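The opening residue of the sequence shown carries number 108 in our numbering; numbering runs sequentially from there. All C-beta atoms, glycine included, are put in the ideal place defined by N, C-alpha and C. Nothing here was measured: the structure is a model prediction, and the numbers come from that model. Here is the structure we will look at.
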Amino acid sequence: MGGGLLQLVAYGAQDAYISGNPQITFWKGLYKRHTNFAMEPFRINFNGEPNWGTRQTAIINRYADLLFSTYVQLELPTNNLAGSPAEWNHGTTKDGYQNGIFSPLGFNFIDRVELDIGGQIIDRLYSEYMYLWSSLTHDYDKRNKLSEMLTNEKYTISTLQFNANPGCTGGNGRQSLPNVLYIPLTFFFTKNPGTALPLIALQYHEVKINVIWKSPEAIAGNYTTGIQTLPQATSASLYIDYIYLDTDERRRFAQQSHEYLIEQVQFNEDVGISSASKRIDLTFNHPVKELLWVVQPTCYTNCKAERTNYRANPTNAAQNRLTPYVYDVPAVFEQHLQINGQDRLERRYGDYFNKVQSYQHHTGVAPGFGVYMYSFAVKPEEHQPSGTCNFSRIDTATLVVTMDGGVTVDQGQGDVWDMRMYAINYNVLRIMSGMGGLAFSN
108 MGGGLLQLVA
118 YGAQDAYISG
128 NPQITFWKGL
138 YKRHTNFAME
148 PFRINFNGEP
158 NWGTRQTAII
168 NRYADLLFST
178 YVQLELPTNN
188 LAGSPAEWNH
198 GTTKDGYQNG
208 IFSPLGFNFI
218 DRVELDIGGQ
228 IIDRLYSEYM
238 YLWSSLTHDY
248 DKRNKLSEML
258 TNEKYTISTL
268 QFNANPGCTG
278 GNGRQSLPNV
288 LYIPLTFFFT
298 KNPGTALPLI
308 ALQYHEVKIN
318 VIWKSPEAIA
328 GNYTTGIQTL
338 PQATSASLYI
348 DYIYLDTDER
358 RRFAQQSHEY
368 LIEQVQFNED
378 VGISSASKRI
388 DLTFNHPVKE
398 LLWVVQPTCY
408 TNCKAERTNY
418 RANPTNAAQN
428 RLTPYVYDVP
438 AVFEQHLQIN
448 GQDRLERRYG
458 DYFNKVQSYQ
468 HHTGVAPGFG
478 VYMYSFAVKP
488 EEHQPSGTCN
498 FSRIDTATLV
508 VTMDGGVTVD
518 QGQGDVWDMR
528 MYAINYNVLR
538 IMSGMGGLAF
548 SN
């Protein structure tokens, strides 16, 4: 008798809990047939030319039946930026930037993006939130791929001095690729095929995507020479994967009513924290599955201070919201959450919300000491709900923060800090009679 057969016949009462009355086999592959569909990317142009500090709108054309993955394609000038490495506020190597995570350059051009259906803002994505979420949910390889999309780093990595003549014609009439960045937009309909937006069911409501570009000061971090020479983007557009449905499924989508469980992002900001302890009011609504917040020196966020010694050390480029959240020690000593005056959880050291929470609930990493999170969900990265806290049914929610006394930051503006908090909540998008809207408002 072979050794494997001995294992097979060594079967007892305990094995009944594992392999008694079996429901699956590992030795016969199974699959499910799916409905027929096709996917095609289309370019959607914004109105007008991109200008920093302005708002642009793209009206989503009805090329097919559903909307899925969505990207902003941004083309930057083709001049050589070797003389001003801080123009894009990106003066260090990829491996040395953002504490070794990845470069957020593409995100840094955008202030926020809005999804508009029938004149109602369904969701807003903030550039900082998109960067934080990408850091927390992407593994190392995917972060590297995203970094290439956001920086076009195949030209040079050291200072992002783009190809000097990308439009020049090479041998045999061949042309070089222009300086193109691809910025993924993480709206609810881009994350899960089951929540793809059904344009075919929105016959009477127009769908728009609004992009609000950052000001030159916010992009350059108020590095004076950088602002004076900061060039405009040459073009900006959307690329969206449209889904074609087969005849029967297309008819069902057009005629039936739909309810989608969607995710939204809410934003709170508290500026000018100068005391050792601070109570931050959280004015959120709806069932929230996770809170993300950052603590940064005010000079990083108000774009009014150049970092000292920049000219002596060019890597000390002017700072802004997407520069490293890295300090000597965690910026926060202790913090805890209160709901209706009662402690939701006891006081914890600040880095518990940076290290333990990201390890427990995310597949990526927190980009620096100044980023914190708390998850009400077991698996916040999944669309399937696994725990929420309904802030609509709470009178007061407060984050109590005690700043650390040992942190030092080269800011030159005094020991003043800002806090920004993002809440990821669930809502319901209802689509019926050719129109769409939120089931629960703020």
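As a beta-bridge residue in DSSP terms, residue 165 pairs with 316. The C-beta distance from residue 160 to residue 323 rounds to 7 Å, short enough to fall under 8 Å. Secondary structure in the stretch 203-247: the alpha helix (DSSP H) runs of 4 residues or longer, each lying completely within the stretch, are 212-215 and 234-244 in chain order. In the assembly as shown, residue 147 is an exposed residue. Its beta-carbon has fewer than 16 other beta-carbons within 10 Å. By the C-beta criterion, the stretch 527-538 is judged to be in contact with the stretch 363-372, since at least 3 inter-stretch pairs fall below 8 Å. Under DSSP, residue 291 shares a beta bridge with 178.
Residue 141 counts as exposed, since fewer than 16 other beta carbons sit within 10 angstroms of its beta carbon.
Residue 510 is bridged by DSSP to 439. Comparing alpha-carbon positions, the option among 390, 406 and 354 lying closest to residue 379 turns out to be 406. Distances from the CA of residue 236 to each of 316, 451 and 480 were compared; the closest alpha carbon is that of 480. In the same chain as residue 454, and ignoring 5 residues on each side of it, the C-beta atoms closer than 7 Å to its own belong to 441 and 443, in chain order. Membership of residue 359 in any beta strand (DSSP E) is not indicated; the residue belongs instead to the alpha helix (DSSP H) covering 354-362. Contact between residue 144 and residue 222 is ruled out by a C-beta separation of about 23 Å, above the 8 Å threshold. The residue from 381, 151, 248 and 244 with its alpha-carbon nearest to that of residue 511 is 381.
The way I'd put it, the stretch 489-506 does touch the stretch 384-397; three or more beta-carbon pairs between them come closer than 8 Å. The Cβ atoms of residue 490 and residue 298 sit closer than 8 Å to each other. In the three-state reduction of the DSSP assignment, residue 305 falls in the strand class. Residue 323 carries a helical assignment under DSSP once its states are collapsed to helix, strand and coil. Nearest neighbour of residue 545 by Cα position, chosen from 476, 229, 123 and 176, turns out to be 229. Ranked by Cα distance from residue 340, the options 547, 177, 184 and 113 are led by 184. In the structure shown, residue 504 adopts extended strand secondary structure according to DSSP, grouped into three states.
About 15 Å separates the Cβ atoms of residue 541 and residue 227, ruling out a contact at the 8 Å cut-off. Shown here for residue 356: same chain residues with a beta carbon closer than 7 Å to its own, the five before and five after excluded, namely 142 in chain order.
Nearest to residue 257 by C-alpha distance, out of 374, 531 and 216, is 216. Contact annotation: residue 393 and residue 543 have beta-carbon atoms that are not nearer than 8 Å.
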